[in-house]
Structures are given as C-alpha cells and as structure tokens.
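Below: the structure, in structure tokens.
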Ligand code: GLN
C-alpha cells in the first residue's frame, strides 16, 4: 500500500525531495480506490482528468508557480457542483444530471491547485445519519465492512479513512461532516454558519447548511478553511469577517475553561465505551491544568425536535424545484403537467426524502404553522442564546460526537425518530450556528473508531483549531 500521509506538509516535503510526484500520488489513490470499490465510497471517480491535472500541477511545482494546495488530492461530496461533471445528491431524481456551473468551493480548491479525484456517495439529499438512504446504496465502514460509514457525508469520510484521497469536503446541516468523521476515526470540522459559501451546494436546509473539511490532521482542516472561507458575491448570508491564515497561526492554546454535558456521562443512552473515552479526556485535561466542569443544558430534550421541524420545513421548500420539468428525472408514465409533477417526484425521491418533505409541508401548513414551525423558531433562538451564554463562561463545550459508534448496516429502525435521536450532540452547534469539530478519540474494544466533539463561539475557529491540535496530542 502507498505511503500514508497525515498532512499536506508531509506530502510537500516528499514532493520537494523528489520522493513522489503529484501524478504518482494520484495513481496511488486511484489504485486504492480500485482495491476498495466494495466500500461504495465514490459515485464517480474522475480518473483520467485527475491524472491530467496532476501532470499540470507537477509542472507548476517545478516552475515554482503552484498554489497552496498543490499535492492535495481531494474528494467532494456528491452534492457539490463542479461544472461539466455529474452531480446527483445520491438521488434518482438527479441521476445523470450535469452541473452547469461550479460551486465556489470547487473554484477555490482548483485555484489553489487541489486535485479533485471524484464525487462521494452520501445520504439522499444529505438526509440521514447512516448513508443508507443513498440511491446508490450504503457506504461500508473501512474499519468494519458490516458497519455503516455514518452520514450523510459517509463516502467522503470513508474515502479519507481508507486513504483513497488525502482529504474530502462534506456538508453539515445537523452533523453530516462530524458524525461520519467520528464513525471513521478522522477529523470532521463544521465552521461557523456563514464562513464558507453555499453557492453551488445542493440545498437541504439553507439556514443550517455549511460545508466542512474531513481530514487526518488539524493543520489540513485549518488550511482548507482558509482557502474556502470568505466573502462571495453569490452567497449573501456569508460573513464579511476577515479570513486569517488559520494554518500558519496554529499555536499553543494556553489554559482553558471547558464545560461538558453532565448527561453525556449520566445518560443510559450513551454507549459505555464512549463515556469512558470522554471521562479519560476530562481527566487528562484537568491534569494538564484546564478547568473542566459539568453543565446541564436545559433545552437538551428540545434539540432534536427543533432541528427536525426546521430542517424538514426548509427541505420541503428547497426540494420543490425537483418537479420533473426543471431538473433530472421525468417519469415516463406522466400524461399531463399534474401527473408529471406527481409521478416524477413519487418515482424520483426515496422513502426518507419523501417522509421529510411531508413532515416539512405539514409543519408549515396553515393550521399547524404556529404550533410547530413558529414555535421551533422561538426554541431555536432560546437554544442559541443559552449556548452563547454557556460560551461566555466557558471557552469550549465538550461532548461525544455521537451516542454510539458505527451501527450495523441494515439495522433499520422501525421508528425513524430513534435514528433522529442519534443526532442529539451534533444539532446543537447547527441550531446555534457555532463552529464544532469532531476529533478521533481512539477505538472501542471491537476496533470501531470513537469521536469527541468540541464547540466554541461563532467565528472563533482559530481557537478551536489550536485547542483541537493540542487535544489530539494529549
Ligand atoms: N442526520 C441529520 C439529518 O438527517 C444531519 C444531516 C446533515 O447534516 N446533512 O438531517
């Protein structure tokens, strides 16, 4: 197997010494992808194009004109548009659809000479936590092929985990970068809402959606944030906050105040080995001189319902555009306009997406709007304010990323709410719009990766990254 690099800096060292070329790296990743097609991580591999671009980057490296990401081979989640390439959101309704423009993310990656090696499998329209809602089937976890990858950016996480690429870009609406990263033993980073342009990302729930890197090192996460973040005339929700050089400004964090959720240790719903990992880190942090205190979050029981009311409401509106006319699949059984809409949507969307469109339409309907949607908006505000007030007193909130390690494939819950509840720890940062990162915290006794999550204040990604780097070295 090809050499396993944990950071772009290591690759750059080997490129400089002539030990590897970018083309050689791409070839190695392509071989690894071919050896592992059974994992189902990619919906499409851009094999020829990646090799051609690699040769171009090699010559720019020789000339000294290469960009910051030269040597970084990246996979993108299949809901990120790349001009002239297919994009499907892993849905039948978009199967065969080609992007007519590139997302800002893709443009910025390419401008810095990253190589995009393919588009990764995900839950259909990023709705899910197991990657099992994909039209193209589930993604298998590299650590245990009978287990799920997590979701919705499951293919992206497995591609990084199994060294099929160096890093990946996923999207996170309620945990979809962080949770699969934790199931796969890699880093998943969701920046502050409004840091990275959503232009050219297939929308799920627009007031939550945020792209983020999946990497092996904090340095790479920082570097990708600095390349991707910042003003974009195509996304008016983007912050105009200055984008600093996150990767070169990584430094010792100093002594911090950290809160952890009491319930993540006391609740019977959290796996005992995850509790043990969390307790171990709490002890290490205390021993190293940080202040670590338990807190209770009074809105804990409201996190998941609030997220699912708002996310499905937004999804029902965002997915109205897939009507059999504008995009993708059109039912061959349609006879008129009405049946074109009905049949194309009924045949084109999968079960989970339909469930969410119906739920979202219900909570927005005239008779129920105040009882559900309006109330959830108010609850979201309370959750955000409470999260912010905790973060005035503490620098970070520490939680498990997920209550359990990777589930068995096919263990479909009869009640979808049981699966939704597994998002309990990730949706808080999404509702509050604050940055959060999932960090690998060893494996359990079955060899399955575990992840812990840190949250901090809006736009304080530098502090979060500094602390994350230190945390991984504890
Ligand atoms: N599991 C959550 C959901 O199904 C989060 C998905 C996401 O972040 N895209 O909505």
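In my numbering, the protein residues as written are 1031 to 1504.
For every residue, glycine included, the Cβ atom is placed at its ideal position computed from N, Cα and C.
Here the structure is a predicted model, which means the values were calculated and not measured.
Within-8 Å CB hit, residue i to chain D
i            : result
residue 1403 : Absent from the structure: chain D. Only one protein chain is present.
Extent of the continuous alpha helix (DSSP H) to which residue i belongs
i            : result
residue 1107 : Counting along the chain, residue 1107 falls outside any alpha helix (DSSP H), though it belongs to the beta strand (DSSP E) covering 1103-1107.
residue 975  : Beyond the ends of the chain as shown, which are 1031 and 1504, falls residue 975; an answer cannot be given.
residue 1347 : 1330-1348
residue 1415 : 1405-1423
residue 1375 : 1367-1378
residue 1087 : 1077-1093
residue 1449 : 1446-1451
residue 1123 : Careful: residue 1123 lies outside any alpha helix (DSSP H) and carries neither H nor E.
residue 1211 : 1208-1214
residue 1039 : 1038-1047
residue 1141 : 1134-1141
residue 1062 : 1052-1065
residue 1388 : 1381-1394
residue 1460 : 1457-1462
Residue burial classification, residue i (beta-carbon count within 10 angstroms, cutoff 16)
i            : result
residue 1483 : buried
residue 1114 : exposed
residue 1082 : exposed
residue 1065 : exposed
residue 1297 : exposed
residue 1128 : exposed
residue 1379 : buried
residue 1488 : buried
residue 1318 : exposed
residue 1447 : exposed
residue 1445 : exposed
residue 1047 : exposed
residue 1176 : exposed
residue 1281 : exposed
Beta-carbon spacing of residue i, residue j below 8 Å
i            : j            : result
residue 1253 : residue 1494 : no
residue 1430 : residue 1478 : no
residue 1133 : residue 1230 : yes
residue 1187 : residue 1180 : yes
residue 1138 : residue 1258 : yes
residue 1387 : residue 1452 : no
residue 1106 : residue 1150 : yes
residue 1212 : residue 1432 : yes
residue 1073 : residue 1118 : yes
residue 1460 : residue 1167 : no
residue 1120 : residue 1172 : no
residue 1087 : residue 1147 : no
residue 1227 : residue 1202 : no
residue 1143 : residue 1099 : yes
residue 1471 : residue 1311 : yes
residue 1161 : residue 1178 : yes
residue 1413 : residue 1485 : no
residue 1424 : residue 1261 : no
residue 1044 : residue 1050 : yes
residue 1247 : residue 1417 : no
residue 1375 : residue 1352 : yes
residue 1496 : residue 1283 : yes
residue 1458 : residue 1333 : yes
Contact belief for residue i with residue j at Cβ below 8 Å, rounded distance in angstroms
i            : j            : result
residue 1480 : residue 1307 : 5 Å
residue 1197 : residue 1244 : 6 Å
residue 1359 : residue 1123 : 5 Å
residue 1349 : residue 1235 : No, residue 1349 and residue 1235 are not in contact; Cβ-Cβ is about 10 Å, not under 8 Å.
residue 1110 : residue 1145 : That belief does not hold up - the Cβ atoms of residue 1110 and residue 1145 are roughly 15 Å apart, past 8 Å.
residue 1217 : residue 1155 : Their Cβ separation, rounded to whole angstroms, is 25 Å, which puts residue 1217 and residue 1155 out of contact at 8 Å.
residue 1209 : residue 1456 : 6 Å
residue 1256 : residue 1269 : Not confirmed; about 14 Å, so no contact.
residue 1097 : residue 1042 : Actually they are not in contact, since the Cβ atoms of residue 1097 and residue 1042 sit about 12 Å apart, beyond 8 Å.
Host beta strand (DSSP E) of residue i (start-end)
i            : result
residue 1289 : 1287-1291
residue 1186 : From DSSP, residue 1186 is part of no beta strand (DSSP E) but of the alpha helix (DSSP H) over 1184-1191.
residue 1220 : 1217-1220
residue 1468 : 1466-1473
residue 1479 : 1479-1485
beta-carbon residue i near ligand 2 non-hydrogen atom, thresh 7 Å
i            : result
residue 1102 : No copy of ligand 2 occurs in the structure displayed; its ligands are ligand 1 alone.
Residues bridged to residue i [DSSP beta-bridge criterion]
i            : result
residue 1199 : 1106, 1243
residue 1150 : 1072, 1107
residue 1325 : 1291
residue 1438 : 1177
residue 1426 : 1288
residue 1128 : 1116
residue 1259 : 1226
residue 1231 : 1110
residue 1145 : 1103
residue 1314 : Paired residues: none, contrary to the question.
residue 1170 : 1178
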